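The block underneath contains the structure these notes are about, expressed in structure tokens.
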Amino acid sequence: MPAVATVYLAAIVAIVQYLVALALATLVLFLAFIALLAIGVAGIYAGHRPGKRWTSATAFVTGCTVGAAILMGWPEPWLIVPFFGLGALVTYRLAARRHWRLAGLVAVGAAIPWTALAAARLLDPATFAAAFAAAPALPSFVGGVVAIGLGSVAVARGDRGPQPPHHLNPPGAPGSRRVGNLSARMLGDRAIAGIDVTSAVAWLAGLTGALTAQSIAERVALPGPGPVVVGVGVFALVATEAGFIAFPPRQRHALEALYWLRRQEQADFVATRGGTLPTSVKAAQAWLGAHPEPTDGGAARVDVIAWTGDLEAARTAIEALPDDSPLEGFTKTAQRAWVDWMDGRSIDLGTLGAAARAVGAAGSPERLRAETVVATIESQVVASSDGDWTAPLRAIRARLGHRADGALSRTYRPALLRVNLYIGAAFAIGATLIPRLPA
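Reminder that position 240 of the sequence shown reads as 337 in our numbering, one-by-one numbering, no gaps.
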């Protein structure tokens, strides 16, 4: 009996030592991840793009942090699901953008902690028999080796090569003049290896707040699903505010001008029986099918048609636009120039600017709107050549003054809150359902 007790005591001591080492490793990895993220965020805010070494180190450390955090949280679903979801999202986003090397580094990093533990359980089953008993050792080891193998293949494959510039390239690609390219450039400029830094910072802050709030709710014995509901709500609120605050200042000022114009275009769209502006190509096609009248949607109808890629139909819609007022006449001229440019032709921004300055009196709402349209088109042109697309919009934002105050907040914050509520609810549902799955 004493010998058996000694064996069990030695096993307990070994497991405790392992858990302490795992906790310290997780803390070190988390701090390294935060440090690398801070360096990247500072670079983006300063207008510098991170180098290849930085992105590689960040991808690998991110994976290791996710893998160690999952082990620390095992077998609590509410701790596992957020980190597993984060790792899966990062890997998917990188792979979707053909960043195979970085996606592979995340996968390898995440698999290493789990595979190392599974190997220890296979090599010394007596010591680690009680550790993570809910996860069979052999399948865990095989799964980890497969993940490391696939990740290594992705790393060896490397990233996609540079794409030749062309006006028909998809949004975000070199030379693209497609609708949506400006949004793609905006996301790309504040992203690191395809991962939106503002979203990463916001979700990290939201996750921290949610876990803290849920822990407090459980301590005060909130009944039923109360703690989970509190966690989802706090995640959505904190992530929304953090994401809004984390906008790089250059982009914030540019977007305030862009959203000021968009709010006016939305009002015109509603006034001409358009309803709500579509937010995707599929929605644009559905809207056109439901609104066959050429006058529905006003000038924004041209943008909706151009989004579907039918530039000839967009030109036809332009000719149906009214030109009874100076602003309407300018709008028609600007739409022609914009659609022609999208089709690969040149554009004379100087002539377009002169046409805008002929609308209304200096400083009038009509003149400012026309000049903001020119600034938006100029930002599209600059974005297609990989320049500083924010410059034209920041210049007009300074002239808009208080008129554009709150334009971004009123439009962007509610949409961001809805997205974060969906994300928080999805994590909560996953954490609730996983324990109920058959073993």
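Ideal Cβ placement from N, Cα and C applies to all residues, glycine included.
Since the structure is predicted, the reported quantities are computational estimates derived from the model, not experimental observations.
DSSP, reduced to helix, strand and coil, places Ala458 outside both helices and strands of the structure shown, so it counts as coil.
Counted as a single uninterrupted DSSP element, the stretch harbouring Ser377 is not any alpha helix (DSSP H), since DSSP gives it neither H nor E. Spanning the alpha carbons of Val335 and Gln260 requires a straight line of approximately 38 Å. Ala297 is classed as buried because its beta carbon has at least 16 other beta carbons within 10 Å across all chains shown. Between Gly148 and Ala207, the C-beta spacing is not below 9 Å.
For Ser312, the uninterrupted alpha helix (DSSP H) segment begins and ends at 294-316.
Pairing Arg347 with Leu505 gives a Cβ-Cβ distance that is not under 9 Å. Counting of Cβ neighbours within 10 angstroms places Glu353 among the buried residues, the total reaching 16 or more. For His350, the enclosing alpha helix (DSSP H) begins and ends at 346-368. According to the DSSP assignment, Leu219 belongs to the alpha helix (DSSP H) that extends over 197-220.
Beta-bridge pairing by DSSP links Ala288 to Asp293.
Taking the Cβ atoms as the reference, Trp357 lies roughly 4 Å from Ala501, within the contact range of under 8 Å. Here Ala512 is exposed. Its C-beta has fewer than 16 other C-beta atoms within 10 Å.
Burial check for His263: the Cβ neighbour count within 10 Å stays below 16, so the residue is exposed. Around the C-beta of Thr413, fewer than 16 other C-beta atoms lie within 10 Å, and the residue is accordingly described as exposed. For Ala185, the secondary structure class from DSSP, reduced to helix, strand or coil, is helix.
Here DSSP, grouped into helix, strand and coil, assigns Asn278 to helix. Sixteen is the threshold: when 16 or more other Cβ atoms of the shown chains lie within 10 Å of the Cβ of Ile520, as they do, the residue is buried. For Glu425, the enclosing alpha helix (DSSP H) starts and ends at 423-439. Segment contact: the stretch 327-346 against the stretch 358-373, fewer than three CB-CB distances shorter than 8 Å; contact not assigned. Burial is judged here by how many other beta carbons sit within 10 angstroms of a residue's own beta carbon; Ser312 has fewer than 16 and is exposed. Considering only Gly258, Thr188, Ser280, the residue with the shortest C-alpha distance to Pro268 is Ser280. Judged by beta-carbon spacing, Ala192 lies beyond the 9 Å limit of Ala270, meaning their Cβ atoms are not closer than that value.
Between Ala410 and Ile402, the gap from beta carbon to beta carbon is short of 9 Å.
In this structure, Gly328 is the residue among Gly328, Asp393, Tyr142 with its C-alpha nearest to the C-alpha of Ile526. In the three-state reduction of the DSSP assignment, Gly503 falls in the coil class, being assigned neither a helical nor a strand state.
Per DSSP, the continuous alpha helix (DSSP H) segment holding Leu408 begins and ends at 408-416. Counting every other CB atom within 10 Å of its CB across the protein chains shown gives Thr448 a total below 16, marking it as exposed.
Arg442 carries a coil assignment under DSSP once its states are collapsed to helix, strand and coil. Between the alpha carbons of Thr473 and Ala216 lies a distance of about 57 Å.
Residue state for Gln477 is assigned as helix, using DSSP reduced to three classes.
For Val242, the CB contacts under 7 Å within the same chain, skipping 5 residues up- and downstream, are Thr212 in chain order. Under the DSSP assignment, Pro489 falls in the alpha helix (DSSP H) whose first and last residues are 487-497. For the pair Leu490 and Val178, the Cα-to-Cα distance works out to about 41 Å. Between Leu168 and Lys379, the alpha-carbon positions lie close to 41 Å from each other. In this structure, Asp400 is the residue among Asp400, Gly406, Asp407 with its C-alpha nearest to the C-alpha of Leu418.
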